[in-house]
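Student: Chains as they are written, first to last, in the numbering used here: chain A, 1 to 465; chain B, 1 to 369.
1) Between B:343, B:72, B:49, which has its C-alpha nearest residue 173 (chain B)'s C-alpha?
2) Hey, out of A:231, A:107, A:311, A:303, whose CA is closest to residue 142 (chain A)'s CA?
3) Could you have a look at residue 361 (chain A) and say whether DSSP puts it in helix, strand or coil?
4) State the DSSP-derived secondary structure class of residue 324 (chain A), mapped to helix, strand or coil.
5) Kindly provide the ranges of any alpha helix (DSSP H) runs that are 4 or more residues long and lie completely inside the region 309 to 349 of chain B, ordered along the chain.
6) Name the residue from A:82, A:99, A:140 whose alpha carbon lies nearest to the alpha carbon of residue 48 (chain A).
7) Taking residue 26 (chain B) as the query, report the chain A residues whose CB atoms sit under 8 Å from its CB, ordered along the chain.
8) Between A:16, A:223, A:246, which lies nearest to residue 403 (chain A) when the distance is taken from Cα to Cα?
9) Starting from residue 66 (chain B), find everything on chain A with Cβ-Cβ shorter than 9 Å and list it in chain order.
10) Taking C-beta pairs closer than 9 Å, name the residues in chain A that residue 59 (chain B) reaches, listed in chain order.
11) Return the residue from the list A:271, A:10, A:357 that minimises the CA-CA distance to residue 370 (chain A).
12) With a cut-off of 8 Å on the beta carbons, I'd call residue 57 (chain A) and residue 423 (chain A) a contact; round off their distance for me.
13) Whole-angstrom Cβ separation of residue 35 (chain A) and residue 151 (chain A), contact assumed at under 8 Å?
14) Which of the residues in the region 245 to 270 of chain A, read from start to end, lie with their CB under 9 Å from any CB of chain B?
15) Taking only the alpha-carbon atoms, compute the straight-line gap between residue 415 (chain A) and residue 186 (chain A) and give it to the nearest angstrom.
16) From what residue to what residue does the beta strand (DSSP E) around residue 53 (chain A) run?
17) Identify, in the order they occur along the chain, each residue of the same chain with its Cβ nearer than 6 Å to the Cβ of residue 90 (chain B), setting aside the five sequence neighbours on each side.
18) Just to confirm the assignment: which complete alpha helix (DSSP H) runs, minimum length 4, are found wholly within the region 222 to 290 of chain B?
19) Quick one: any contact between the region 69 to 82 of chain B and the region 10 to 17 of chain B, if contact means 3 or more CB pairs under 8 Å?
20) What is the DSSP secondary structure of residue 104 (chain A), counted as helix, strand or coil?
21) Residue 16 (chain B) touches chain A at which residues, Cβ-Cβ below 8 Å?
22) For residue 51 (chain B), which beta-bridge partners are listed by DSSP?
23) Using a Cβ cut-off of 9 Å, which residues of the region 125 to 154 of chain B contact any Cβ in chain A, in chain order?
24) Run down chain A in chain order and give the residues with a C-beta less than 8 Å from the C-beta of residue 204 (chain B).
25) Residue 40 (chain A) lies in the beta strand (DSSP E); which residues open and close that run?
26) For residue 351 (chain B), decide whether its Cβ has a neighbour in chain A, counting only Cβ atoms nearer than 8 Å.
27) How should residue 209 (chain B) be labelled, buried or exposed, when 16 other C-beta atoms within 10 angstroms of its C-beta is the threshold for buried?
28) Can you tell which of A:218, A:176, A:102 has the C-alpha that lies nearest to the C-alpha of residue 16 (chain A)?
29) Smallest Cα separation from residue 213 (chain B): which of A:447, A:51, A:109, A:325?
30) Quick check: residue 269 (chain A) and residue 260 (chain A), are their CB atoms within less than 8 Å of each other?
31) Threshold first: 4 residues or longer. Then list the alpha helix (DSSP H) segments lying entirely within the region 85 to 129 of chain B, N to C.
32) Under a Cβ-count criterion, where at least 16 other Cβ atoms within 10 Å of its own Cβ denotes burial, should residue 80 (chain A) be classed as buried or exposed?
33) Give the residues of chain B in contact with residue 50 (chain A), contact being defined as C-beta atoms less than 7 Å apart.
34) Just checking: is the beta-carbon of residue 116 (chain A) within a distance shorter than 8 Å of some beta-carbon in chain B?
35) Measuring CA to CA, which of A:318, A:438, A:65 is closest to residue 21 (chain B)?
36) Quick one: residues in its chain with C-beta nearer than 7 Å to the C-beta of residue 50 (chain A), no 5 flanking neighbours on either side, listed in chain order?
Below, the structure written as structure tokens:
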């Protein structure tokens, strides 16, 4: 049993990558550390459970990385995906630190492997966790336990006592009772609010009822809300979240990576009215993968259908849910309550507009439509080989951008711009500082590990002084 | 549609896993899965036998129970694997021996031991049986060497024959009738992979057994068992050569090769199975094919008893207990031989064949075959 009556040096709220990196680095700096994970043990780790790689800068190829990825190139990538919505000083600091983190994470027991099958585009930039995100978490937890970090599960924090930027204590649930625990410093690493449908509804209205959440139901953003309510400065657009198109048959929560669809370029996408609404051939992976969640969210009833034919059935990775199959377009429409005549016309119009070209899904090829609105500007090929197939898709919410503002020490900044006395933040809860919008594969884990490590170290130093 | 419900479940899991692929660095099963989009019964039986049951994918999986996707690859493949042993058994009439294998092996072992004791008693008078025998040929005063060699030779040949027929059925089921012998590099690769238990290590950190802490215990105990068995087998082989080539009769002095090999092997075959049994006892029930516990335990106990009776014979061979111990040891070894094709022993054979095929598939993917 953990003795909660004593005062800890560092209290870490959260249980994912950022939280564990903070706990380990604080412990290694000599602090007494308590980790409060709100989820039960199986669901520990929040979104980290579903991750698989981390983007770190490195100057040369390694055993698992196919070539160098310089700090400058990383910075340029970050600028591009965020459209400049990033804090340059923090971002460059993070990128510089990421070089060291590649080795540091391995020292904490996490094992790397070359990029996974089907993700060759990331082989140079991203380091993959052997066994995936849960394996990574298991390794971090084992290391933390060995070092003597105290860890509680099912330990939802109900309240934070904060006086003028000074953390005093946290109240948490322990069984049926509420317990108050004191600590010299706080590291908030409790993620965003993507699983809080009511909160999402503030910005998205009833449409949010049709969103599927890719991670655990425990990412409710309650810590984020407490901090913002108690004077911490916010960062990031509260209305925005990262969403991809995932199978409509996926569970409401925690479907993870296997429910996604990346077959958009091989067919067309129609909405509930059986009409197309966006250029399916606009851009190459992974950008095309990242925009479709938001596009579907804007359609009636937040649903859409990826439609393709037998000629491309085996052109993409196998999917968890099989595509719905029918011998004719009209019968396919009937399986989804789409109007058969409209769908037939949509596909006939599309087929008529397809110009001949040489198909190559790895580049922006010359297969396109002409005289069609919206156009399909690449990879356009006729849909004419029965049987026909469709995947129903909905927006799958990955994470939210709203967070707490921090400085280079991962110390939270208060609304007046002054650094908080003893409060630090790491991971998704402060990701908006460097990732104001957009996404680059593996960057969430970089933010978590880099700022987690910094936050733990700084918190421990503060506690000991 | 698949032949059994467990193969249906294996198919469902491989579909889940094939759309995830996070585990592809852990062992051979997942890379082999990635080479396919659909899975026949034979494919699933191949993957089931390729799985070493290290448990890492269960602990690493974000979708293992209590998650609603309920992904439990080690247990599902363990059940499918044990089913496949029965399906490939030769002759088919004996496949029922796998149904209650622990009981079947126990009865056969008991009968075998009883038969040797009865035989020794029937063919020898009491004075001989409980007398003290030393010097070359001591054992053969109780059972003539030629009778012993003929009996055990026949049992051994029968076991080999039945195993070969089983392998043939497996090889056909997984759809590669000629590859096994036609591809020496794949064979060599499989020998190395099997010899090191390359895939019984969770991708490098060790097996997962009772909790999420990986360890090398099972691998170490299995090595002790396997190489212990190998040394005991080598001991018997050397002794046979001594007998027929150099006309040197057992028992041999303690420093002689058959005794040294047999003693080293025997020690391994005591510690290894005992350790494996202890690990099995501690194993997380979620990973275990509970219905086949008897089969696993029976085989482990048979190996342990083989060594225990052999060591006892070595220690007490110059006492009046030798006769009874010799009957006991021969009874256990005879039962071990004749039940080899109908018990857990076959796991090594089919897994090796699966490794050959995997090596071959890897080479084909790389374009070297």
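Where is the CB? At the ideal position from N, CA and C, for every residue including glycine.
These figures come from a predicted structure and were not determined experimentally.
Tutor: Reading off the structure:
1) When each option's Cα is compared against that of residue 173 (chain B), the closest is B:49.
2) Comparing C-alpha distances from residue 142 (chain A) to each of A:231, A:107, A:311, A:303 shows the shortest one belongs to A:107.
3) Residue state, collapsed to three classes: coil.
4) Residue 324 (chain A) falls in the strand class under three-state DSSP.
5) If one requires a minimum length of 4 residues, the alpha helix (DSSP H) runs lying completely within the region 309 to 349 of chain B are 322 to 339, in chain order.
6) If we check each option's Cα against that of residue 48 (chain A), A:140 comes out closest.
7) Within 8 Å Cβ-Cβ: 130, 131.
8) It is A:223.
9) In chain order: 40, 42, 43.
10) Result: 131, 134, 135, 138.
11) The shortest C-alpha separation from residue 370 (chain A) is found at A:357.
12) Not really, about 28 Å apart at Cβ, beyond 8 Å.
13) With a Cβ gap of about 5 Å, residue 35 (chain A) and residue 151 (chain A) count as contacting.
14) Within the region 245 to 270 of chain A, the residues whose Cβ lies closer than 9 Å to some Cβ of chain B are 251, 254, 255, 256, 257, 258, 259, 260, listed in chain order.
15) Between residue 415 (chain A) and residue 186 (chain A), the C-alpha separation is close to 18 Å.
16) Residue 53 (chain A) -> beta strand (DSSP E) spans 53 to 55.
17) Short of 6 Å from the beta carbon of residue 90 (chain B), and not among the five residues preceding or following it, lie these beta carbons of its own chain, in chain order: 162, 165, 166.
18) 257 to 282, all fully within the region 222 to 290 of chain B.
19) By the Cβ criterion, the region 69 to 82 of chain B is in contact with the region 10 to 17 of chain B, since at least three pairs of Cβ atoms, one from each stretch, lie closer than 8 Å.
20) Residue 104 (chain A) falls in the helix class under three-state DSSP.
21) Within chain A, the residues near residue 16 (chain B) are 258, 320.
22) In DSSP, residue 51 (chain B) forms no bridge with anything.
23) Answer in chain order: no residues at all.
24) Those within 8 Å of residue 204 (chain B) in chain A are 111, 130.
25) Note, residue 40 (chain A): premise wrong, no beta strand (DSSP E); not H, not E.
26) No - not a single Cβ of chain A is within 8 Å of the one on residue 351 (chain B).
27) By the 10 Å Cβ count, residue 209 (chain B) comes out buried.
28) For the options A:218, A:176, A:102, the alpha carbon positioned closest to that of residue 16 (chain A) is the one of A:218.
29) Taking only the C-alpha atoms, the option nearest residue 213 (chain B) is A:109.
30) No, the pair does not count as a contact, with Cβ atoms beyond the cut-off.
31) Within the region 85 to 129 of chain B, the runs of alpha helix (DSSP H) at least 4 residues long that lie entirely inside it are, in chain order, 101 to 123, 126 to 129.
32) Exposure of residue 80 (chain A) is indicated by the presence of fewer than 16 other C-beta atoms within 10 angstroms of its C-beta.
33) Residues of chain B with a Cβ closer than 7 Å to the Cβ of residue 50 (chain A) are, in chain order, 62.
34) Against chain B, the CB of residue 116 (chain A) has a partner CB under 8 Å away; the residue lies at that interface.
35) Looking at the Cα atoms, A:318 is the closest of the given residues.
36) Within the same chain, and ignoring the five residues on either side of residue 50 (chain A) in sequence, the residues whose Cβ sits closer than 7 Å to its Cβ are 133, 214, 215, 256, 257.
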